[in-house]
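Numbering (full-length UniProt numbering), first residue to last: 1 to 559.
Just so it is clear, CB atoms sit at the ideal spot from N, CA and C, and this is done for glycine as well.
Comments concern the structure below.
Following this line, the structure appears as C-alpha cells:
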C-alpha cells in the first residue's frame, strides 16, 4: 500500500495534478504526508517533489503562453509547501527549487518561491546563488525578481569568488549589468582568485558597450589584479585604443595618479604601451602628462622596451619627450642601444645612433655593443655599428675582445640578412656549417688582431678550440694566429680541444693548422695526457694516429 502511495504521489507531482495530490495527502494522514513530501522522488538526483516540480518541462500541460501548465505547476508547489515540504532542500548538485525555477526561466514559480520564503542566499556545489544562475541563463525577469526580493546577495561571490556583476560581464549580458548596477552592485568588486574587477573583464572580452557602462559608475581605477595591473595598464596592452581613450576621458577619480602606477614588475602604462608597440596609446598617456622616465624592476625604461617593436614610432615619441632616455642604463648596465643590438633591431639602432647614442657605452661586465652584436650573431648589426665607427678592439671586464667570442661560436644564432632595408625589424635565420665563422671573418677583415689575449692569456684560437670550432681555428691561423700559443698555464689550443673531447678540432689543428702534436703545459702534460685522463678515446686515438708520443712523461714522471 505504501509503495502505491509513493507511486501515486510521484505521478501527481510530475503531471501537476494538484487536485489528486491534495486528496492523497489529506487521506494518508499527517505522518505519511510528512514522509511523502520529504521523500526523494528522484533518488538518483537526490531530488524531492518540490525540485522535480521546479525543474519540470511545463510544456506537457501547456506553456506560459496559455497558462494551463503554469497554473498546475504553481498549484502543485503550493500544495507541497502547505504540507511541509522543505523549500531549501538541495539536490545532488546543491541546487534548490529556486535554482531550478530561475535556471529554466519560470518567472511565476520564481516569484511564488520567493513569496513563500525560500532562501535566496542558498548556493549550489559551485557556489552559485539563484542570482548567479539567472545571470548565466540571461533571464532579466528573474534577475529583477531576485533583486526586488533581497539585495544581500548582490555582491556575493561564487566558489571562485566571482561576484554577480563580474559574471554578467563574462556572459556579455549588457542589460543585466545595467540591472545590477542600478540595484547598487559594487562596480569595483574583485574576483577572489584573480582580483580582477568587472572593468578588467569587459576589456579582456573587448565589450566596449559594457566597458563604457561600467565607467559611467565611476569605478576605482587604482584597483589592481593579481599581477598588480590596473585597467589602464591592460588598456595599453590591447590594439584598440578606444578603451584607453574612454578611461582617460572619464570623470573617474585618480585618473592622473593611475597613469604612473607600477605593476608587480614595475611596469607603468607607458612601458606597457611601448612593449605592445602602441604609439597611439603612448600618445594618449603623454597627453595626460605620463612620466616616461620610470624604471621597471630590472631598471629598464620605456625606451628599453621598444626594442621588439616593428617600427620606431614609440621610440621617436619617447626621445622627443625626453632625449636623456638615450643614456639610461638598466640594472645590468645595458643602455637602450645595447638592448636594440641584442634584439637585432636595425631600424631602432640607426635611430638611436642618429639621435646621439654612444658607441662607447659599457654594461656592468664592460661589454660594448660590438661584443653584444658578436655574441648574438648579428652580422648586419655589426655592419651598422661599423658604419658609425664602432671600435672592435675594446676588451670587456675579462679582457675578452669581440674576436674571442666570435671564435667560440659554433653556431650563429641570428645571422640573417634583412629584407627591405631599414623597414625590416629584427634579424633572423638559422646557422649552418658554412656561416658559423661569418662574424669572425668580418672582425678579422677589419684588422682585428687574432693574437689578443684575455685575463688568462688565452688567444682567440684557444677559445675556438675549447668550443670545438674547427673551422674558426683554420680561419684564425689563415689570419696569422699562432696555433701553438699557450695561456698562463701553458695550455695550447690542442690541449683545450683534447681535454673537451673535440676530436674533429684535434685533427684540424694538427693536420690543417700544423699544430705541434705534443706541446707541453706547465706540468709537462701533453694533449694526449688530457684526452686519456678525461676518457676522450676518439681524441686519444686521433692524437696517436698523428704521432703523439705515448711514452712522454710529465713532471711527476707519469706517462
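Could you tell me the alpha carbon to alpha carbon distance between residue i and residue j, rounded to whole angstroms?
i	j	result
residue 539	residue 511	14 Å
residue 397	residue 552	38 Å
residue 109	residue 294	59 Å
residue 166	residue 94	22 Å
residue 73	residue 270	60 Å
residue 497	residue 355	45 Å
residue 555	residue 520	10 Å
residue 5	residue 158	40 Å
residue 527	residue 237	57 Å
residue 323	residue 437	38 Å
residue 104	residue 97	11 Å
residue 283	residue 407	45 Å
residue 62	residue 16	Low local confidence applies: a pLDDT of 39 at residue 62 is under 50, so the model's placement there is unreliable, and no value is given.
residue 210	residue 252	16 Å
residue 409	residue 174	59 Å
residue 346	residue 378	10 Å
Taking only three categories from DSSP, how would you classify residue i?
i	result
residue 433	Low confidence applies to residue 433: its pLDDT is 39, below 50, so where it sits in the model is not reliable, and the reading given next is rough at best. Three-state DSSP puts residue 433 in coil, outside helix and strand.
residue 5	helix
residue 418	Note that residue 418 scores a pLDDT of 36, beneath 50, so its modelled location is shaky; the value from the coordinates is reported in the next line. Correct three-state label for residue 418: coil.
residue 486	strand
residue 278	coil
residue 64	Residue confidence for residue 64 is low, a pLDDT of 46 falling below 50, so the modelled location carries little weight and cannot support an answer.
residue 492	strand
residue 211	helix
residue 561	Nothing about residue 561 can be read from this structure; the chain reaches only from 1 to 559.
residue 72	helix
residue 404	helix
residue 371	helix
residue 52	helix
residue 300	coil
residue 236	coil
residue 497	helix
Quick check on the DSSP output: the beta strand (DSSP E) that includes residue i runs from which residue to which?
i	result
residue 40	40-42
Who pairs with residue i in a beta bridge, going by DSSP?
i	result
residue 570	The question about residue 570 has no answer, for the chain in this structure spans 1 to 559.
Name the two residues that bound the continuous alpha helix (DSSP H) containing residue i.
i	result
residue 525	Segment: none, residue 525 is in no alpha helix (DSSP H) and carries neither H nor E.
residue 339	336-343
residue 314	313-321
residue 247	242-248
residue 564	The structure shown does not extend to residue 564, since the chain spans only 1 to 559, so no value can be given for it.
residue 387	379-387
residue 200	198-204
residue 101	97-103
residue 539	537-545
residue 504	503-507
residue 255	255-258
residue 632	In the structure as shown, the chain begins at 1 and stops at 559. Residue 632 is therefore absent and cannot be evaluated.
Give me the residue from the options with the minimum Cα distance to residue i.
i	options	result
residue 149	377, 550 and 120	120
residue 83	32, 256, 509 and 476	32
residue 501	478, 520, 542 and 488	542
residue 349	181, 340 and 355	340
residue 307	277, 321, 298 and 323	277
residue 177	195, 193 and 155	155
residue 220	239, 198, 210 and 205	198
residue 131	151, 78 and 549	151
residue 518	381, 545, 190 and 534	545
residue 336	247, 321 and 301	301
residue 503	299, 550 and 531	531
residue 85	118, 142, 247 and 454	118
residue 321	292, 549 and 536	292
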